[in-house]
Every structure is written in structure tokens, then in C-alpha cells.
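Asks: My structure is below; once you've seen it, I'll send some questions.
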Amino acid sequence: MSLLSRRHLMMAATGIVAAAAAPRLAFAQATTAAPTGPFTLPPLPYPVAALEPHIDAKTMEIHHGKHHQAYVSNLNSFAKDNPKLASMPVPEVLGNLGDVPEAIRTGVRNNLGGHANHTMFWEIMGPNGGKPAGEVLAAIDRDLGGMEKFQADFNAAGGRQFGSGWVFVTVSKDGKLAIETRPNQDNPMMDGKRALLGNDVWEHAYYLNYQNRRADYLKAWWNTVNWNKVGERYAAAKAGQLGV
Amino acid sequence: MTFTLPDLPYAYDALAPYMSKETLEYHHDKHHQAYVTNGNNLLKGTEFEGKPLEEVVKGSFGKNAPLFNNAAQHYNHIEFWKWMKPNGGGDKLPGRLEKKITEDLGGLEKFKTDFAAAGVGQFGSGWAWLSVSKDGKLEITKTPNGENPLVHGGTPLLGVDVWEHSYYIDYRNKRPDYLKAFVDHLINWDYVDELFSKV
Ligand SMILES: [Fe+2]
Ligand SMILES: [Fe+2]
């Protein structure tokens, strides 16, 4: 299985880094006719340029249309022989990876983890995201030492995650918050927890715009957070109704 | 002994178009430099201060993760620059090495396919390797992040960096294209043979 198999070649590059960074080579792509369901790529809830200048349009386009799509396509390949994979709730599958057939267990961990993480990621970002308020702000003050300390600690944790991975704020059933990191596409659901929000620190999330400067990306990313959505997710988590 | 950043053994634009000048500038001057700087800071006051790099890598594995990550990546990148050269790749291998690849790995063509597949199959950041195992056989492996065959008792002969920083500027998400270019146009087989003859 190729994690990066594609049905379409990337379109000619445009955008801010195109002049310096356009792919210079064209090799034959392995063409895999991936099935088109049951897993689907959720559309971005805003235009690809909506998060500029903090996240550039080209990064959003590749991140959503290529990286996230690859996780979805791989899941659909697994689902062909394992239809239960798509009918079970995601938290149930990821929370019980030991029950997944061994032949596809690692693939499900990586690709369903990637699908869940990125679905959450697109959802908790957006233009005009408002400010932290209400219950979630109270929880940040209570559990994470207030906004300033929270953001500094979150950025530090994201900076320390060596290699590809995520930095999350997890939320327990009774609404308690904690900062946690996971490698690769692991998700807090894998140990019975839930992500309130998270930031992707794989290099693909920031390399076109920030290159090696992950710390700058982590700092700028706060400008993209949709706090209205985070507030909704916090309420849903406490009600036991948070999706992914 | 402290860690120091070696110069690239060729010009920054020498590997273009398969690996661009811009990629090598960031990869060598920023990423490798950061492993050197962080490694030196983390070495201070440890039992590993003044030890040869290979000893630091082997000794810190599983015991001191931050030091291991930076020391191992320092080792990996020192070698990585030497594992590439302009007009590399190709099918002309020194005879003894080619014979061993045929015996242990089913031939050069199969090696190329399997080595690239190992790189594609490494989920997330890491490396793919050709190494000599403890029992003297060639093997193809993949490892996460900074891990390398040294810590498993092997001797690395060739490695390819599959962290996204190695290829994102030139290939974006298309890691298989990067690996094909590495195998076909960048591998410095003379250096691989030099390492092989020392085993
Ligand atoms: Fe991502
Ligand atoms: Fe690297």
C-alpha cells in the first residue's frame, strides 16, 4: 500500500512560494483507482486562502487535498474488505485498535488517526474565530493557568515533539483540560481521551511558509483558531456528544 | 569533543534538479545545524561529553531521548551528505558490492524497488537504510525520527532521509518521486562501497 498514491497529478503550482519551489520533475505516478467511499474528505469550511497570511493557500490546498485525501483513500481501500470499519463510530475503532484485524491494524491507526486529526483541525480553524469565552475560557484559566501560560506551554510542547506529530488540548468527560502531544497521526481517542483542539506539527503543515521555523508557525497559528467552534466542542465534550 | 557542522562535500546547487539548492541550504544550514547546536547543549554535564559520536548515539539510545535524537540526527546527516553526489545513482556498482546485493537482496533492481518502498512505508519522519546486520547479511530497514541501524547492532551503508524537510520544497507530498530520484540520480555508490569494504 502506498500512503502517497494519487489519482491525480498535482496541478501546476501557483502561489507565494511557487517561483522558488515548483516541483521541477515529473515522474510517472503510480495510479491507484481508489474506491470513492464509504469514507469521504470533508470539504474545507472556508476558502483555502482564508487563513492567510498565517497559513498560505498553497499549503492549505496540498494539506487538505493531498495529505488528508490520502488518508481517506487508504481507509476506503481497507474498508473494501472490512466494511465494519466505516460503520463503527471513529472513537470506538480508535479506542479499541486491538480489535482491528492485525493485517490492517497499523494502517487503520495511521490513516483513521490522520482522518480524525485533520477533520478536527479544519473544523477548529477559520477566519474571524472570535475570542475564548464562557465555559471554555473558565476551564483554560482553571486547568491551564490562563491564556498566556496556556499558549506558551502549548507552543513549547509542540516545539518539543521530535519529528512528525500533534500537540493537543485534551478534554475529559468532566471538562478538565490538559496539554498532550502524540507522534505521527496518533490521537487521544487511542487512550480513551478526546481532543478539544490540536495543532499539526508535521513539517507538511508549515514547510512552504515557515521552513525550519516551527516555533514561528506555532506562534502564528493562534490567529487561525476558531474559538466559537472550540466553545461548541467543549460543550459537546461535556455532554458526551463530541464527534471527532 | 563537541559536535561541529561539516561542510557539504559539493556545491549547494550540485544536486539540482533532483535536490534543489534551496532544499540543501535549509537542510544543511538550518536543520543539521540545529542538531549540532542542540546536541552540544544537551551533551554538557553528561557522561557522554568528549566521547566519539558513535558512542554517544549508541549509549544514549533508550536512556536520554533528547540527546539521542540530536546526536543520532547529527550522525545520520553527516553520512547523508556523503551518500549523495552529482550524477550519482546508475547501475555501475563495484563488483564485490553488487555480488553481495545479489546474494542477500535479490539483485540491484530489486534492491532499488525495495529500498524506495521502505522509504515510502516509513510513516511520518524517519529514514530508510541499507545496512550490514550483526550476522553479516545486507538488509533493508526503516526507522522513525533519528533512529538508525547502529543502535540495533548493524552498520549503515546507505540511508535516505524521509523527513518531509528533505523533499517538501522540491516534491511537496510526493515522497515516492523523491525516493525514485534519490535512487536513480543521487546515490554515491563509491562511498557505499568504501563503507562496505570496512565492515
Ligand atoms: Fe497534516
Ligand atoms: Fe534531515
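Chains as they are written, first to last, in this note's numbering: chain A, 8 to 251; chain B, 18 to 216. Even glycine gets a Cβ: it sits at the ideal position worked out from N, Cα and C. As the structure is a prediction and not an experimental result, all values here were calculated from the model.
Taking L48(A) as the reference, which of M127(A), F157(A) and G105(A) has the closest Cα?
Replies: It is M127(A).
Asks: Under three-state DSSP, which class holds D178(B)?
Replies: Strand at D178(B).
Asks: Following a CB-centred definition, is A212(A) positioned closer than 7 Å to any heavy atom of ligand 1?
Replies: Answer for A212(A): yes, Cβ within range of ligand 1.
Asks: Hey, is P161(B)'s beta-carbon within less than 8 Å of any beta-carbon in chain A?
Replies: Answer yes: the Cβ-Cβ gap between P161(B) and chain A drops below 8 Å somewhere.
Asks: Is it the case that the region 106 to 115 of chain B contacts the region 132 to 143 of chain B, given that we only count it when at least three CB pairs across the two stretches are under 8 Å?
Replies: No contact exists between the region 132 to 143 of chain B and the region 106 to 115 of chain B.
Asks: State whether the region 68 to 82 of chain A contacts the region 206 to 216 of chain A, with contact taken as three or more CB pairs (one from each stretch) at a distance under 8 Å.
Replies: Yes, the region 68 to 82 of chain A touches the region 206 to 216 of chain A.
Asks: In whole angstroms, what separates the C-alpha of Y241(A) from that of V178(A)?
Replies: So the two alpha carbons sit approximately 8 Å from each other.
Asks: Among residues of its own chain, excluding the 5 on either side of F85(A), which ones have a beta-carbon nearer than 8 Å to its beta-carbon?
Replies: So the list reads L92, I111, G114, V115 and N118, once near-sequence residues are dropped.
Asks: May I ask whether a heavy atom of ligand 2 can be found less than 7 Å away from the beta carbon of H45(B)?
Replies: Because no heavy atom of ligand 2 lies under 7 Å away, the Cβ of H45(B) does not count as near it: no.
Asks: Tell me whether the beta-carbon of Y214(A) lies closer than 8 Å to the beta-carbon of E181(B).
Replies: Yes. Within cutoff.
Asks: To the nearest angstrom, report how far apart T172(B) and R221(A) are at their CA atoms.
Replies: Taking the straight line from one Cα to the other gives about 32 Å.
Asks: Classify A140(A): buried if its beta carbon has 16 or more other beta carbons within 10 angstroms, exposed otherwise.
Replies: So A140(A) ends up on the exposed side.
Asks: Under the rule that 16 or more other beta-carbon atoms within 10 Å means buried, what is A246(A), buried or exposed?
Replies: That one is exposed.
Asks: Helix or strand or just coil, what does DSSP make of A41(A)?
Replies: With a pLDDT of only 49 at A41(A), under the threshold of 50, the placement of this residue in the model should not be trusted, and no figure is reported.
Asks: Output the boundary residues of the beta strand (DSSP E) element that contains T188(A).
Replies: Unbroken beta strand (DSSP E) run through T188(A): L184 to P190.
Asks: Spatial neighbours of Y29(B) within its chain, please: C-beta separation below 7 Å, excluding the five flanking residues on both sides.
Replies: Around Y29(B): K38, L41 and E42.
Asks: Taking a contact to mean a Cβ-Cβ separation below 8 Å, would you say N219(A) touches A51(B) in this structure?
Replies: Closer than 8 Å, so yes.
Asks: Excluding five sequence neighbours on each side, which residues of the same chain lie with their C-beta closer than 7 Å to the C-beta of G166(A)?
Replies: If we look at G166(A) and ignore the five residues flanking it on each side, its Cβ neighbours are R221, A222 and L225.
Asks: In whole angstroms, give me the CA-to-CA distance for L22(B) and P96(A).
Replies: Their backbone Cα atoms lie some 50 Å apart in a straight line.
Asks: Less than 8 Å between the CB atoms is what I'm expecting for I131(A) and K236(A), so what's the real figure, rounded?
Replies: Yes, they are in contact, since the Cβ atoms of I131(A) and K236(A) sit about 5 Å apart, within 8 Å.
Asks: Which residue from A227(A), P90(A), M197(A) and L151(A) puts its Cα closest to that of V251(A)?
Replies: That would be M197(A), whose Cα lies nearest to the Cα of V251(A).
Asks: Mind checking if V55(A) is an interface residue toward chain B, Cβ cutoff 8 Å exclusive?
Replies: Closer than 8 Å: no.
Asks: Which residue wins for smallest C-alpha separation from G79(B), given the options L60(B), E164(B) and D24(B)?
Replies: Ranking L60(B), E164(B) and D24(B) by Cα distance to G79(B) puts E164(B) first.
Asks: Tell me the DSSP bridge mates of I204(B)?
Replies: Its beta-bridge partners are M101(B).
Asks: Secondary structure at P173(B), three-state DSSP: helix, strand or coil?
Replies: If DSSP states are grouped into helix, strand and coil, P173(B) belongs with the strands.
Asks: Please confirm whether Q168(A) has its beta-carbon closer than 8 Å to some beta-carbon of chain B.
Replies: No, Q168(A) lies away from the interface with chain B (no Cβ there is under 8 Å from its Cβ).
Asks: Determine whether the Cβ of A51(B) lies closer than 8 Å to any Cβ atom of chain A.
Replies: Chain A, which has a Cβ nearer than 8 Å to the Cβ of A51(B), makes this yes.
Asks: Check whether the region 99 to 109 of chain B and the region 198 to 207 of chain B are in contact - that is, three or more C-beta pairs closer than 8 Å.
Replies: Yes, the region 99 to 109 of chain B touches the region 198 to 207 of chain B.
Asks: Within 8 Å of any Cβ in chain B, is that where the Cβ of E99(A) sits?
Replies: Cβ-Cβ to chain B under 8 Å: no for E99(A).
Asks: Assuming G176(B) contacts W144(B) under a Cβ cut-off of 8 Å, what Cβ separation, rounded to an integer in Å, is found between them?
Replies: The pair is a contact, with the Cβ atoms about 5 Å apart (cut-off 8 Å).
Asks: CB-CB under 7 Å to S148(B), same chain, minus the five flanking residues each way: which ones, in chain order?
Replies: For S148(B), where only same-chain residues beyond five positions count, the Cβ hits under 7 Å are E156, T158, P166, G171, T172, P173 and L174.
Asks: What residues from the region 207 to 218 of chain A come within 8 Å of chain E, judged by C-beta to C-beta, listed N to C?
Replies: Going by chain labels, chain E is absent from the structure shown, which instead holds the protein chains A and B.
Asks: In three-state DSSP terms, what is A86(A)?
Replies: Of the three classes helix, strand and coil, the one that applies to A86(A) here is helix, per DSSP.
Asks: If you measure from the CB of S183(B), is any heavy atom of ligand 2 nearer than 7 Å?
Replies: Checking the Cβ of S183(B) against ligand 2 gives yes.
Asks: State yes or no: is the beta carbon of G176(B) nearer than 8 Å to at least one beta carbon in chain A?
Replies: No, because no Cβ of chain A sits closer than 8 Å to the Cβ of G176(B).
Asks: Name the chain B residues that come within less than 8 Å of K73(A), Cβ to Cβ?
Replies: Going along chain B in sequence order, the residues near K73(A) (Cβ under 8 Å) are R189 and N190.
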